[in-house]
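First comes the structure, then the notes that go with it.
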Amino acid sequence: MIRATTLERILLVLSDFVALSICFALAFWVQFYSGWIVDKFNPSKTFSDYWEMGVVLNVGWLFLFTCAGLYRSWLLLSRSHQILRVIRAVVVGLALVIICLFGAEFLGRIFTNQPLVGGGYLYGSRFPWIFVYTALALTLVVVFRMFIYLCLRGLLVLGYGANNVLVLGATEAGKRIAAALAKNPQRGQRVIGFVDERFQVMDHEFAGFPVLGKYADLASIVKKYGVSGIIIAHESNSPQEITRVLVWLCNLRVHIYVVPELYNVVTGHYKANLVYGFDLQELFAFTMPPWQVRVKRALDIVFGVVIGLFSLPFSLLAALAIKLDDGGPIFYSQERIGLYGKPFTVYKFRTMRTDAEKFGAQWATKHDPRITRVGRFLRKTRIDELPQILCVLKGDMSMVGPRPERAVFIEKLREQIPFYISRLKIKPGLTGWAQVCHHYDTSIEDVQIKLQYDMYYYENMSLLLDFQILMRTVYVVLTGKGAQ
């Protein structure tokens, strides 16, 4: 069955395209057939001469709406907020239409050798058409979207397409939220049951919903029931206790919601989004728009290929230097943990002696004797990271993201540092905010500092921030600042 969020996006794209097509057809009629614009009245014009322009405009609008975040899920957000987003996007579109018409007139004068000054770039008759078109676009897009939501919510009320939600904690707060969601099926969130630590000593039903297991069973329950959201209603006023509960969730690919009284416990530590219509707030909300996620992946491939080719001479010199230094292997491969706990193999130029871990896994220290002479230079310049470009091209890593860590360290760190596991909600990167702001990890204190940088990146992810990080990476590479 198609989930509500997927169906919502499909219907929104289709409704916007239909609304904009009708808008263009009406604007065509106003311009050439209505007689309202006297110097443009021309009944001999046919729509077949202009439909291609309409398709191009529609595609441009859809791209603009995508950039404006209008194809995210709005089921749990305010309709008035969505309308304001549409108004903002249409105003921006109006400005772009005017700029394009101005530019077309300007280029036309250049190619026909006409004077560039004077003559009216945007002559009067164009303005009525422009404003009629944008007013129709705004009105029809909003009306069609509201109609889509009426239909979609009707389907949800009938029980089609809802997202499955779990409630953590068989408490009064959990009971209240579950009842509220059951009374409002049009929000597209269906509670399938509770999870509670007292599972083995309590009735396996609570507030009319099944109790499916304890917190340790979360991963299997999420997979079995296709859960997309988890509501934390755990009964505690202790930040440490709530942190312990959240640690169970951070490596699951789900939305995490928390009731207000619990959010107050963690206020100031984690960014949250308000859920419209319910006493819930979402923690660790992924704020990067879907279109930027796709662009980010495309840029990963482009940058990976370009940097790989550009750095090939340096890589060859590094390989030769490593071989001449101690005659050992050039590369060092190791299993690391990626997005949502998926393991993958990472490749680096070897910077330590071949027997560096004969006593087991351990962090490098500031003047670690295991680091070779060549290795120290490679680390300082970050050349040792270049083979990881293969991981970027494969999709296991991104150009920008937190440093990928080993499973043995993750298991230790998740016990010592609250929310360290939340880094697994981001694809690891060749470089990142933590990497350019702090040196290599040499202690648990370094890891705690870097986690703060990683969480900042997660809560503020954008292509602009990625660009800033890449520029700072160039500075770090050239100056050695931040490297051990």
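Numbering of the sequence shown is given in my numbering, commencing with residue 203 and proceeding in unit increments.
Glycine included, every Cβ here is placed at the ideal spot set by N, Cα and C.
* Does the beta-carbon of Gln654 have 16 or more other beta-carbons within 10 angstroms, so that it is buried, or is it exposed? -> exposed
* So what does DSSP say about Thr681, is it helix, strand or coil? -> helix
* Asked: Hey, is Ala337's beta-carbon within less than 8 Å of any beta-carbon in chain C?
  -> Although the question refers to chain C, the structure presented lacks it and comprises just one protein chain.
* To do: Taking 8 Å as the threshold, find out whether the stretch 208-228 comes into contact with the stretch 333-347 through three or more Cβ pairs.
  => yes
* Burial state of Cys353 (16 or more Cβ within 10 Å) -> exposed
* Under 6 Å Cβ to Cβ from Leu541, same chain only, skipping five residues before and after it: list those, please. => Lys629
* Phe346 by DSSP, collapsed to three states: which one? -> helix
* Does the separation of the CB atoms of Lys550 and Pro589 fall below 8 Å? -> yes
* Give the straight-line distance between the Cα atoms of Pro604 and Leu667, rounded to the nearest whole angstrom. => 13 Å
* With Ile458 and Ile432 assumed to form a contact (beta carbons below 8 Å), what rounded beta-carbon distance in angstroms separates them? -> 6 Å
* Contiguous alpha helix (DSSP H) assignments of at least 4 residues, all confined to the stretch 387-431 -> 420-427
* Asked: Beta-carbon separation of Gly390 and Ala206 under 8 Å?
  -> yes
* Asked: Below 8 Å between beta carbons: does that hold for Glu502 and Val594?
  -> Residue identity differs from the one stated: residue 502 is Asp in this sequence, not Glu. Against a cut-off of 8 Å, the Cβ pair of Val594 and Asp502 comes out as a contact.
* Asked: Any idea which residues DSSP pairs Phe537 with across the strands?
  -> Going by the sequence as given, residue 537 is Glu instead of Phe. Note: Glu537 sits in a beta bridge opposite Thr547.
* Run the CB neighbour count on Asn315, radius 10 Å, all protein chains shown included, and call it buried at 16 or more, exposed below. => exposed
* Spatially closest choice to Val508 from Met601, Phe226 and Ala521, by CA coordinates -> Met601
* Asked: Under the three-state reduction of DSSP, which class applies to Thr336: helix, strand or coil?
  -> helix
* Asked: By how many angstroms is the C-alpha of Ser236 removed from the C-alpha of Trp253?
  -> 18 Å
* To do: Grab the span of the beta strand (DSSP E) containing Ser600 for me, first residue to last.
  => Ser600 to Val602
* Give every residue of the same chain whose Cβ lies closer than 8 Å to the Cβ of Ile332, excluding the five residues on either side of it in the sequence, and list them in chain order. => Leu296, Val299, Ile300 and Leu303
* To do: Report the residue from Glu407, Thr553 and Lys385 whose alpha carbon sits nearest the alpha carbon of Leu520.
  => One point to set straight first is that residue 520 is Ala, not Leu, in the sequence displayed. Ala520 has its Cα closest to that of Thr553, out of Glu407, Thr553 and Lys385.
* Asked: In whole angstroms, what is the alpha-carbon distance linking Gly470 and Trp238?
  -> Bear in mind that the predicted position of Gly470 carries a pLDDT of just 49, short of 50, making it unreliable; the figure below should be weighed with that in mind. Cα to Cα, the separation comes out at about 58 Å.
* Closest residue to Trp263 among Leu383, Leu680 and Ile289 (Cα-Cα distance) -> Ile289
* Between the CA atoms of Asp251 and Pro330 - distance to the nearest angstrom -> 21 Å
* Do Ala435 and Thr373 have their C-beta atoms within less than 8 Å of each other? -> yes
* **Where the beta strand (DSSP E) containing Tyr459 begins and where it ends** => His457 to Val460
* To do: Return the residue from the list Val449, Ile646, His283 and Leu266 that minimises the CA-CA distance to Val294.
  => Leu266
* Beta-carbon spacing of Val495, Val456 below 8 Å -> no
* To do: State whether the stretch 394-406 contacts the stretch 357-374, with contact taken as three or more CB pairs (one from each stretch) at a distance under 8 Å.
  => yes
* To do: With DSSP collapsed to three states, give me the class of Thr633.
  => strand
* Starting from Asn365, follow its DSSP beta bridges and name the residues at the other end. => Gln391
* Is it right to say Met663 is buried, meaning 16 or more other beta carbons lie within 10 angstroms of its own, or is it exposed? -> buried
* Asked: For the candidate residues Ala384, Leu214, Val232 and Ile539, whose alpha-carbon lies nearest to that of Thr248?
  -> Val232
* Closest to Met657 by CA distance: which of Ala487, Arg584 and Arg355 is it? -> Ala487
* Does the Cβ-Cβ distance between Leu626 and Gly510 come in under 8 Å? -> no
* Is the distance from the Cβ of Phe533 to the Cβ of Asp598 below 8 Å? -> no
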